[in-house]
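Numbering (this note's numbering), first residue to last: 73 to 504.
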């Protein structure tokens with residue numbers, strides 16, 4: 073595998089199946105790029121002479137993937153990963169844009185931290201990094217952050233990572249303030265009191281394993297509160313990482329009433345359940361927890377109906393020791409950038425979505441959540457491109473994952489779908 077930031081000059085991608093859900097395109101055609109932008113689909117523009125040609129016969133050509141939640145661990149936790157290491161992994165996964173949650177150390181609650189992250193990504197990274205501004209100072213949930221300054225510093229959205237805001241009055245004021253500046257608010261739906269101390273889904277499996285549980289109501293109570301506040305304040309909110317079927321039903325009811333709300337789901341929640349915790353598998357320790365098979369089916373139905381807009385990686389790389397402790401002391405999270413696309417393609421094979429709808433959940437839909445002109449390949453758009461073989465088979469593991477984190481419950485599980493090239497603004501940042 074090789075990576076190169078070739079010049080952003082004239083380039084043609086020939087013979088691939090171009091799937092651009094945001095523009096309703098699904099056709100075998102050539103794609104032409106100049107100076108970092110798409111200049112033609114089909115015949116080349118008059119006088120166009122590419123300096124580089126990528127032969128994509130038998131491959132799918134789609135917009136670069138947009139990931140709404142990927143922890144890069146920098147600044148503050150560089151022993152786990154860095155912006156350089158994880159954007160390399162993102163490029164290898166076809167991801168050209170990713171959102172960094174604000175729970176870095178220090179948190180993204182000042183323009184200086186936001187600018188540091190974007191500067192490091194520009195200098196060392198191979199994907200576009202969009203920092204999520206902190207909703208409250210220090211993510212404490214007590215004082216509202218300077219959201220306007222964070223937006224100017226490059227934060228397209230604000231949120232409190234996975235730190236629940238206990239004080240409903242503070243959340244209401246934060247939503248009102250965000251609405252003033254037209255900012256979408258990312259909310260992690262978890263009632264602080266019902267989820268505190270929990271490790272896994274509360275049910276038969278948690279009882280059998282003797283582990284403290286997080287009930288379904290921890291999510292649904294928070295969703296109900298947040299929807300009520302969004303409706304009152306007129307705020308635009310996005311639920312980051314739903315895990316229960318009941319929450320998706322509440323979301324649909326609110327949308328029918330005109331509440332400006334969207335949601336995403338982590339890819340692993342669409343495949344794993346609480347049963348995958350068997351043997352105290354720490355690699356399946358995630359927050360929100362893996363829930364029941366019925367919840368998994370509810371999440372899939374919400375994707376198929378359009379109730380859930382996006383699929384994200386919820387990437388959380390860890391060093392090996394973080395998963396070697398006894399289950400209660402292990403750190404939650406999955407290294408998930410490189411399994412995002414193949415897991416989503418599995419939904420196509422399972423009949424949940426067709427290919428265009430599946431790719432929409434990774435491209436134009438998350439771009440729309442962010443309000444960014446990304447995730448599309450029309451003439452004039454930024455040439456972020458993912459070229460992948462939908463039939464290629466491979467297994468995640470220490471010898472195949474580029475991410476510094478190898479903590480995945482899919483270790484050794486055969487995946488189908490592998491990226492061959494990734495272009496960021498017309499530059500080849502990954503080539504297999």
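Think of the CB as a built atom: it goes at the ideal place given N, C-alpha and C, for glycine as much as any other residue.
Computed from a predicted model, the values in this text were never measured in an experiment.
In the structure shown, residue 237 adopts coil according to DSSP, grouped into three states. Apart from sequence neighbours up to five positions away, the residues of its chain that approach residue 176 with a beta-carbon distance below 6 Å are 147 and 148, ordered along the chain. Put simply, the backbone Cα of residue 367 is about 31 Å away from that of residue 393. The straight-line gap separating the alpha-carbon atoms of residue 124 and residue 82 is approximately 7 Å. Collapsing the DSSP output to three states places residue 399 in a helix.
Rounded to the nearest angstrom, the Cβ distance from residue 302 to residue 332 is 7 Å, consistent with a contact under 8 Å.
Residue pairing by DSSP places residue 337 opposite 383 in a beta bridge. By the neighbour-count criterion, in which a residue is buried when 16 or more other Cβ atoms sit within 10 angstroms of its Cβ, residue 237 is buried. Within the DSSP bridge table, the entry for residue 112 names 104 as partners. In the displayed model, residue 89 falls within a strand according to three-state DSSP. Residue pairing by DSSP leaves residue 209 without any beta bridge partner. For residue 258, DSSP records a beta bridge to 231 and 310.
In the three-state reduction of the DSSP assignment, residue 144 falls in the coil class, being assigned neither a helical nor a strand state. Secondary structure note for residue 495: its beta strand (DSSP E) is the uninterrupted segment 487–496. Within the same chain, 136, 137, 413, 458, 460, 491 and 494 come within 7 Å of residue 166 by CB-CB distance, once the 5 residues on both sides are set aside. Residue pairing by DSSP places residue 273 opposite 286 in a beta bridge. Look at residue 268 here: in three-state DSSP terms it is coil, with no helix or strand label.
Looking at 116, 316 and 410, the one whose alpha-carbon comes closest to that of residue 502 is 410. Rounded to whole angstroms, the Cβ separation of residue 98 and residue 428 is 6 Å, and the two are in contact under 8 Å. DSSP places residue 242 within a helical segment (H, G or I) once states are collapsed to three. Taking the CA atoms as reference points, residue 207 sits about 46 Å from residue 117.
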